[in-house]
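These protein sequence lines are chains A and B, in that order.
Residues in the first sequence are numbered from 1 upward in steps of one, following our numbering.
Residues in the second sequence are numbered from 1001 upward in steps of one, following our numbering.
We put the CB at the ideal spot given by N, CA and C, even for glycine.
Number of protein chains: 2
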Amino acid sequence: MTTSMEAPRRTRIQQEKRELILEAALEVFSTNGFRGSTIDQIAEAAGMSKPNLLYYFRRKEDIHETLMQRLLDTWLAPLRELDDIGDPLTELRSYIRRKLEMARDFPRESRLFANEILQGAPRIMPLLAGELKTLVDEKATVIKGWMRAGKIAKTDPWHLIFSIWATTQHYADFDVQVRAVLGADRGGDGRFEDAARFLEQLFIDGLKPKP
Amino acid sequence: MTTSMEAPRRTRIQQEKRELILEAALEVFSTNGFRGSTIDQIAEAAGMSKPNLLYYFRRKEDIHETLMQRLLDTWLAPLRELDDIGDPLTELRSYIRRKLEMARDFPRESRLFANEILQGAPRIMPLLAGELKTLVDEKATVIKGWMRAGKIAKTDPWHLIFSIWATTQHYADFDVQVRAVLGADRGGDGRFEDAARFLEQLFIDGLKPKP
DNA sequence: CAAATTTTTGACCGATTGGACAAACGTTAG
DNA sequence: CTAACGTTTGTCCAATCGGTCAAAAATTTG
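See the structure below:
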């Protein structure tokens, strides 16, 4: 019984191979951008021939689109968890920590997203002005509530969120630069812990309510 | 007398046309990335034919290289001006303001740079580990001096610089996202002044020496 | 087993790419 | 005027691009 809604209805092989392709495509797209990446590169990284890859994804854009859809869900998860209940400073601290952990653990996803935005977000603009804006506005209201209640210092919630995004994602998107500047001694694995300490001091201490 | 050092020795037309090409290339490269841009696009944006463009720059890479060389000088100028003499908080405040002004006035340059770093900085890696690291280390020492003297609060100078870079450049590199989230009412020209106020509060208030 | 279906491949296509080249054109110095 | 030099263009090329297709190979189903 085929319903009007399109159901995936995928074989075991299809599921596995599609995952393999998406993993390879994430690697390639995140370092070369969409136009800078070729189907051949992705196919080779996935260990299959180009026509075989095109059997699973008919067009190059389809791979990118699937990747972006998945990305946005996991990418915004930390912000979604920012909750009204619970201590404001604790909430913000764990939000910053989670975002920094994502920059550390999923740098390719961060770069893929950065690439898309840098080029004017041609493929996800509607999502930015829709779903994303709604979410940010909602959380900005929560933060504003904390400020009105005197729980944290008064600032612009939107620009606060932007700054948290910018500083945390910087360690994924500009990783080469960070490591080059820090050098061999400080650019090792410890750089994320240093960053975590610094960002906590910058944001959390800075947000403590002023007497 | 032709010296062994290569001297430009350019015609007036050559100078003008090269500028025209570089201006066009900045526009194209910053929005499409290096591999995503074509010589035809640049030639059309510069109002000339492709062979004519290739008369002034033999290879596509030459245009990009020239652009990157110029970029780095102007890009690091604000940090170079960060001076030991003068009030520390004033110095840092004007550094942040200058960086934000550059994000506002030269977003294409910022995106060009971001594109290069995102893709692993294949063409400017030596500069990052050399000239840039030297400059940052030098300024970090200056900042550390201020901290030791009790003029500003103690933090990690390197990550402080990273955060200033990240937050200010965010308004150029992620401009589409910022405007989409802020919406029609707050996403207008005033967003840079809002950002300036927020960043001053975040960094400067946060850096005031603790009693 | 055999038939049906899914997966994989090699060969191929038109379009676009970066770049070469010689010829034509324009400009200027003697 | 004319020879030399600087500039511009049309044409062309090999390589690469995204994508098609029919047929072979592998797998699943009955």
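Asked, Found
"Using the three-state DSSP reduction, which class does residue 1147/B fall into: helix, strand or coil?", "helix"
"Given this structure, state the Cα-to-Cα distance separating residue 148/A from residue 1100/B, to the nearest angstrom.", "29 Å"
"Starting from residue 177/A, trace the alpha helix (DSSP H) in both directions and tell me its first and last residue.", "175-186"
"Would you kindly report the start and end of the unbroken alpha helix (DSSP H) that includes residue 106/A?", "Here residue 106/A belongs to no alpha helix (DSSP H), and DSSP marks it neither H nor E."
"Suppose contacts are defined by Cβ-Cβ distances below 8 Å. Is residue 1136/B in contact with residue 181/A by that definition?", "yes"
"Could you tell me which chain A residues have their CB closer than 7 Å to the CB of residue 1155/B, listed as they occur along the chain?", "198, 201"
"Closer than 8 Å, Cβ to any Cβ of chain A: which residues of the stretch 1176-1187 of chain B, in chain order?", "1176, 1177, 1178, 1180, 1181, 1182, 1183, 1186"
"With 16 other CB atoms within 10 Å as the buried threshold, where does residue 1049/B fall?", "exposed"
"Across the stretch 16-35 of chain A and the stretch 94-110 of chain A, are there enough close Cβ pairs to call them in contact, namely three or more that are closer than 8 Å?", "yes"
"Measure the CB-CB distance between residue 1127/B and residue 1072/B and report whether it falls below 8 Å.", "yes"
"My assumption, with CB atoms under 8 Å, is that residue 166/A sits in contact with residue 1170/B. Please give the rounded CB distance.", "4 Å"
"Between the C-alpha atoms of residue 1066/B and residue 1021/B, what's the straight-line distance to the nearest angstrom?", "11 Å"
"Quick check on residue 84/A: does DSSP put it in helix, strand or coil?", "coil"
"Are the stretch 38-52 of chain A and the stretch 10-25 of chain A touching, with three or more C-beta to C-beta distances below 8 Å?", "yes"
"Flag residue 103/A as yes if its beta-carbon sits less than 8 Å from any beta-carbon of chain B, otherwise no.", "no"
"CB residue 93/A to CB residue 200/A, shorter than 8 Å?", "yes"
"Let me see if you follow: with CB-CB separation under 8 Å, is residue 73/A close to chain B or not?", "no"
"Counting only beta-carbon separations shorter than 8 Å, does residue 1040/B have a partner in chain A?", "no"
"Relative to the alpha-carbon of residue 1034/B, which residue among 1112/B, 1154/B, 1190/B has its alpha-carbon at the smallest distance?", "1112/B"
"If residue 152/A sits next to residue 89/A, beta carbons under 8 Å apart, how far is it from one beta carbon to the other, in whole angstroms?", "6 Å"
"Could you compute how far the alpha carbon of residue 1133/B sits from the alpha carbon of residue 183/A?", "8 Å"
"Exposed or buried, residue 124/A, counting other C-beta atoms within 10 Å across all chains shown (16 or more means buried)?", "buried"
"Could you tell me whether the Cβ atoms of residue 196/A and residue 97/A are closer together than 8 Å?", "yes"
"To test your reading of the DSSP string, which unbroken alpha helix (DSSP H) runs of 4 or more residues are found completely within the stretch 11-44 of chain A?", "12-32"
"For residue 55/A, count neighbouring Cβ atoms within 10 angstroms of its own Cβ and tell me buried if that reaches 16, exposed if not.", "exposed"
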